[in-house]
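Enquirer: Quick mapping for you: the protein sequence lines, in order, are chains A and B. For the first sequence, the working numbering gives the first residue as 1, with consecutive numbering after it. For the second sequence, the working numbering gives the first residue as 1, with consecutive numbering after it. Every residue, glycine too, gets a C-beta built ideally from N, C-alpha and C.
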Amino acid sequence: MPAIRKLPLSGVRIADLTQNWAGPHATRILADFGAEVIKIEYVRRMDGLRGAGKENQAYDHHPRWLEVNRNKKSITLDLKRPTDVEVLKDLVKISDVVTECSRVGVLDKFGLGYEELKKLRPGLIMLSMPGYGSSGPDAQCAAYGGTLEALSGIHSLTAYQRTSKPMRIKEVDVTSGVAGACAVMTALIYRQRTGKGQWIDLSQLEAATSCLIGEHLLEFVMNGKATLPLGNRDARNAPQGCYPCRGDDKWVAISIRSDEEWLRLCNAMRRPELAEDPRFRTAAGRLAGHDQIDGIIGAWTAQWTHYEAMKALQAAGIAAGAVLNVAEIAEDTHLKYRGFFHEAEDGTGRYPGMPFVLPRALPEVRNRGPRLGEHDEEVRCGLLGRPKEEIEPITVDKIGTAFEIE
Amino acid sequence: MPDAALSHLNVLDLSHYVAGPHCTKMMAGFGATVVKVERPGTGDRLRSMGPFYKETPDLEGSIPFLWLNTGKKSVTLNLKSEGGKKILQDLARKADVVVESFSPRVMPGLGLSYDVLRKINPGIVMTSISSFGQTGPYRDFRAAEIVEYALSGLAYLTGDPDKAPLGAGPCMAQYTAGLSAYIATLMALFGRGEAGEGQHVDVSVQESNLDNIEVVLTEYMRTGKIPKRTGDEHVLVPWQIYPCQDGYAAIMGGPVRHWLRAVDLFEEPRLKDKPYQRIENRIEHREEVKQMLSPWVARHAKRDIYRAGQARKLAFGYLATLGEVLESPQHVARGYFQEVEHPVTGRQKYCGPPFRPAQTPWCAGRAPLLGEHNEEIYGGWLGLPEAETRRLKDEGVI
Numbered sequence: 001m002p003a004i005r006k007l008p009l010s011g012v013r014i015a016d017l018t019q020n021w022a023g024p025h026a027t028r029i030l031a032d033f034g035a036e037v038i039k040i041e042y043v044r045r046m047d048g049l050r051g052a053g054k055e056n057q058a059y060d061h062h063p064r065w066l067e068v069n070r071n072k073k074s075i076t077l078d079l080k081r082p083t084d085v086e087v088l089k090d091l092v093k094i095s096d097v098v099t100e101c102s103r104v105g106v107l108d109k110f111g112l113g114y115e116e117l118k119k120l121r122p123g124l125i126m127l128s129m130p131g132y133g134s135s136g137p138d139a140q141c142a143a144y145g146g147t148l149e150a151l152s153g154i155h156s157l158t159a160y161q162r163t164s165k166p167m168r169i170k171e172v173d174v175t176s177g178v179a180g181a182c183a184v185m186t187a188l189i190y191r192q193r194t195g196k197g198q199w200i201d202l203s204q205l206e207a208a209t210s211c212l213i214g215e216h217l218l219e220f221v222m223n224g225k226a227t228l229p230l231g232n233r234d235a236r237n238a239p240q241g242c243y244p245c246r247g248d249d250k251w252v253a254i255s256i257r258s259d260e261e262w263l264r265l266c267n268a269m270r271r272p273e274l275a276e277d278p279r280f281r282t283a284a285g286r287l288a289g290h291d292q293i294d295g296i297i298g299a300w301t302a303q304w305t306h307y308e309a310m311k312a313l314q315a316a317g318i319a320a321g322a323v324l325n326v327a328e329i330a331e332d333t334h335l336k337y338r339g340f341f342h343e344a345e346d347g348t349g350r351y352p353g354m355p356f357v358l359p360r361a362l363p364e365v366r367n368r369g370p371r372l373g374e375h376d377e378e379v380r381c382g383l384l385g386r387p388k389e390e391i392e393p394i395t396v397d398k399i400g401t402a403f404e405i406e
Numbered sequence: 001m002p003d004a005a006l007s008h009l010n011v012l013d014l015s016h017y018v019a020g021p022h023c024t025k026m027m028a029g030f031g032a033t034v035v036k037v038e039r040p041g042t043g044d045r046l047r048s049m050g051p052f053y054k055e056t057p058d059l060e061g062s063i064p065f066l067w068l069n070t071g072k073k074s075v076t077l078n079l080k081s082e083g084g085k086k087i088l089q090d091l092a093r094k095a096d097v098v099v100e101s102f103s104p105r106v107m108p109g110l111g112l113s114y115d116v117l118r119k120i121n122p123g124i125v126m127t128s129i130s131s132f133g134q135t136g137p138y139r140d141f142r143a144a145e146i147v148e149y150a151l152s153g154l155a156y157l158t159g160d161p162d163k164a165p166l167g168a169g170p171c172m173a174q175y176t177a178g179l180s181a182y183i184a185t186l187m188a189l190f191g192r193g194e195a196g197e198g199q200h201v202d203v204s205v206q207e208s209n210l211d212n213i214e215v216v217l218t219e220y221m222r223t224g225k226i227p228k229r230t231g232d233e234h235v236l237v238p239w240q241i242y243p244c245q246d247g248y249a250a251i252m253g254g255p256v257r258h259w260l261r262a263v264d265l266f267e268e269p270r271l272k273d274k275p276y277q278r279i280e281n282r283i284e285h286r287e288e289v290k291q292m293l294s295p296w297v298a299r300h301a302k303r304d305i306y307r308a309g310q311a312r313k314l315a316f317g318y319l320a321t322l323g324e325v326l327e328s329p330q331h332v333a334r335g336y337f338q339e340v341e342h343p344v345t346g347r348q349k350y351c352g353p354p355f356r357p358a359q360t361p362w363c364a365g366r367a368p369l370l371g372e373h374n375e376e377i378y379g380g381w382l383g384l385p386e387a388e389t390r391r392l393k394d395e396g397v398i
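#1: How many angstroms separate the CA atom of E388/B from the CA atom of G396/B?
#2: Can you tell me the Cα-Cα spacing of A143/B and G159/B, whole angstroms?
#3: How big is the Cα-Cα spacing for L370/B and H285/B?
#4: Please go through the same chain and pick out, in chain order, the residues whose beta-carbon is closer than 6 Å to the beta-carbon of I169/A, but skip the five residues on each side of it.
#5: Any C-beta of chain B sitting closer than 9 Å to the C-beta of Y337/A?
#6: Helix, strand or coil: which one does DSSP assign to G346/B?
#7: Please specify which runs of the beta strand (DSSP E), each continuous and at least 3 residues long, are wholly inside the segment 295-331 of chain A, giving them in chain order.
#8: For a quick check, are the C-beta atoms of T27/A and A275/A less than 9 Å apart?
#9: Which same chain residues end up closer than 6 Å to Y156/B when comparing Cβ atoms and leaving out the 5 residues on each side of it in sequence?
#10: Within 10 Å of its beta-carbon, does P8/A have 16 or more other beta-carbons around it, so buried, or fewer, so exposed?
#11: Around the C-beta of N56/A, are 16 or more other C-beta atoms found within 10 angstroms, so that it is buried, or is it exposed?
#12: Given that M269/A touches chain B, what residues does it touch there, using C-beta distances under 9 Å?
#13: Could you pull the start and end residues of the beta strand (DSSP E) that V11/B belongs to?
#14: Of all Cβ atoms in chain B, is any one closer than 9 Å to the Cβ of R371/A?
#15: May I have the straight-line CA-CA distance separating I329/A from S204/B, to the nearest angstrom?
#16: Of all the options I213/A, A299/A, G339/A, which has the alpha carbon lying nearest to the alpha carbon of Q134/B?
#17: Please confirm whether Y190/A has its beta-carbon closer than 9 Å to some beta-carbon of chain B.
#18: For the beta strand (DSSP E) containing P57/B, list its first residue and its last residue.
#19: If I measure Cβ to Cβ from V104/A and keep anything under 7 Å in the same chain, skipping five residues before and after, which residues do I get?
#20: If H373/B sits next to V99/B, beta carbons under 8 Å apart, how far is it from one beta carbon to the other, in whole angstroms?
#21: With a cut-off of 8 Å on the beta carbons, I'd call A315/B and Y144/A a contact; round off their distance for me.
#22: I'd like to know whether the C-beta atoms of P370/A and S74/A end up nearer to each other than 9 Å.
#23: Quick check on the DSSP output: the alpha helix (DSSP H) that includes E82/B runs from which residue to which?
#24: When you compare each of E219/B, C171/B, R118/B to G196/B by their alpha carbons, which one comes out closest?
#25: Could you work out which residue in V235/B, E145/B, R270/B, I305/B is closest to P288/B when comparing CA atoms only?
#26: CB-CB under 6 Å to L66/A, same chain, minus the five flanking residues each way: which ones, in chain order?
#27: Compile a chain-ordered list of the residues in the segment 115-127 of chain B whose CB is closer than 9 Å to at least one CB of chain E.
#28: Compute the Euclidean distance between the alpha carbons of K311/A and L335/A, then round it to the nearest angstrom.
#29: Quick check on this structure: which residue in P295/B, S294/B, V97/B, E219/B has the alpha carbon closest to the alpha carbon of F190/B?
#30: What are the boundary residues of the beta strand (DSSP E) that P244/A is part of?
#31: Among residues of its own chain, excluding the 5 on either side of P51/B, which ones have a beta-carbon nearer than 6 Å to its beta-carbon?
#32: If we call anything under 9 Å between Cβ atoms a contact, is V97/A one with A35/A?
#33: Please name the residue or residues paired with H200/B in a DSSP beta bridge.
#34: Counting only C-beta atoms, is M46/A closer than 9 Å to chain B at any point?
#35: Around the Cβ of T56/B, are there at least 16 other Cβ atoms within 10 angstroms (buried) or fewer (exposed)?
#36: Closer than 8 Å by C-beta to P2/A: which residues in its own chain qualify, once you throw out the five before and the five after it? Chain order, please.
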């Protein structure tokens, strides 16, 4: 096989109007795999991920920015300037996909809704991903990940105990972003076969719900109740939990799914008499005695580091995993062996890798999240053939953050 | 009827449990023909796991199975038998995609590695989903949801700082991996190029979930900062749920630019004072801000709080119970829930698609009964006469 092959999305151009994390995460995945993503920025209110600071161009250097917008280009447009609307239209004419997460109706006001844009570019795909979708009584409402995690029902399903305060599990922005990438790929496949583009309405609320908790809503519909939350435990088998290990805030997660695995755990802990204990022979018995079993396991795990406990238990055929923090993940031998981390080609250091491996053409982190307007000249003049004089220099007085008080 | 986005694709689905079936559920929903290959007699092991419809154990009544396998066809096939392997290879000839989620040694052990399948069908995309990937020191590790959640860095960040890390209630890690596998498979199909060559896609549940911590991981690699569990505290203030009259309200102080004009709603004039005006001030005075907001939140109902915040352009929300989600006016107005008819459960309300392509709508279907499509597929795809199918069944091959 030849060493260099094209990335799967090479040749696909995306005009990216999204901001913050959800939309940009979608386009990050697409950019990683070869799409040319041109991020359109508004200098007077920069993307939220560029932060609240302006000194020393802090907005160009936040690690979150470098990561979420890696492999993209940045151009600055002010859609209140007719010239800039023209530039955007010129860009759309040579793009395959437009992505956006503006408040519903805002793009229409600028004459940049899908119905207008598709006239400029037959076969255009446009992904709109507002918080609640493009219709319905809440269409105009504002949302962040925390809002959607709560409203979707996801937040209600995780807690130490049934009656204790529910806990957030993640920023659902990432799930919305991954769903956004699913949406674009779905439309690209359809266009590849038929030549037809289309508009996609992605409600981040619906995406997170369908992609994470559809089964739990179905349980509620069918049985009128929810099994969750259950803390770290499982409804059907036992024991399962996070157990303390040697060191500060070190833990190992263990899950026993069968009577056979329970016997293995007893042996691994060198407690054969437990395996004989009739109270714990069945899942029902272990569920009833879960507190007591947790004490026994915790006393054993406390003698080991989380990596030692994981390895010993895995060697015995038990599902166990060290609870890793970011430092441990960054140095994890397995991830390193798989070449998960990337050194960026532009010399800006190490980055997490891609969510999956397509071995025919391995993607790289080619460049960090771009500096504000870094590609203004390249895109505006080089790609679109517009005069250089049109570019308004980015001066300090024009720059506004998303955190200023209005 | 409008064309579906993936209506030209045949998918051979050897996956089971959550991640793989989630990937192929999406494919079926967007129109692919998904043939789920199940073990004769018992099928996907998720069929035997609850919760069950009406809490009655039944291979056709597992609620997670019913959710994760909508729109697919089911055939039974014993992959350990020689006849079964041969049939699988014949099916692979007709397929664009094979999705499997066995542990990494299983497919090669069955003589059904990618190298074998691509000789039969050079264009085939084989998507292998496993807990830790097809290579590396953890590849043979056993895993459960909580183990994957731990090794992908999320458990450490979930829960209270003075308690054990908390696993997610939903199967977050596996559902996320299913989405990654969907993207990866479509990318491999999209990029097949002129030669039409497929490839072997390697999806690790662990790696696909590292997307969730991409920000803190990248920050660590620049600053050495190791974030810990913070209960429900967010970096920004206010940005969390607070107890209210009938549950919890999500008080999100953003978009930050609207905060100062909106803050009157808390009926606490001090919130307008200089020390709390800017977001960095509020972060500095986290506890005071919380104490000033709490009384108003506590004496109001969650929907009223949501409306009051949204009316002032702030992204408030509330902690919805599952029952409340099902009644959500927004969901109802958009027709998000769809009725699906199934022989065992009758008509029931399912969540709709994760996104809505305007020209190629979602195809709502039901989960198949075990082996329901044996005749259709073995007859239709492979041209096996009925007598032959009967013989294979008697011999335990299908």
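Expert: Judging by the given coordinates:
#1: 12 Å
#2: 21 Å
#3: L370/B and H285/B have their C-alpha atoms some 59 Å from each other.
#4: T158
#5: yes
#6: strand
#7: 319-322
#8: Contact: no.
#9: P165
#10: buried
#11: exposed
#12: Those do not exist, as M269/A stays about 17 Å from chain B at its closest Cβ, beyond 9 Å.
#13: 10-13 is the extent of the beta strand (DSSP E) around V11/B.
#14: no
#15: 15 Å
#16: G339/A
#17: yes
#18: Where P57/B is concerned, there is no enclosing beta strand (DSSP E), given that its DSSP letter is neither H nor E.
#19: Hits under 7 Å: P130, S134, A139, Q140.
#20: Not really, about 17 Å apart at Cβ, beyond 8 Å.
#21: 5 Å
#22: yes
#23: 82-93
#24: Comparing alpha carbon positions, the residue from E219/B, C171/B, R118/B closest to G196/B is R118/B.
#25: One detail in the question is off: residue 288/B reads as Glu in this sequence, not Pro. Here the closest residue by C-alpha is R270/B.
#26: Result list for L66/A: R368, G369, in chain order.
#27: Absent from the structure: chain E. Protein chains present are A and B.
#28: 16 Å
#29: V97/B
#30: 240-244
#31: I63
#32: For the pair V97/A and A35/A, the CB atoms are nearer than the 9 Å cut-off.
#33: M126/B
#34: no
#35: exposed
#36: Because P2/A sits at a pLDDT of 42, beneath the cut-off of 50, its placement in the model cannot be relied upon, and the following sentence gives the value as read from the coordinates. The beta carbon of P2/A lies closer than 8 Å to none in the same chain, with the five residues before and after it left out.
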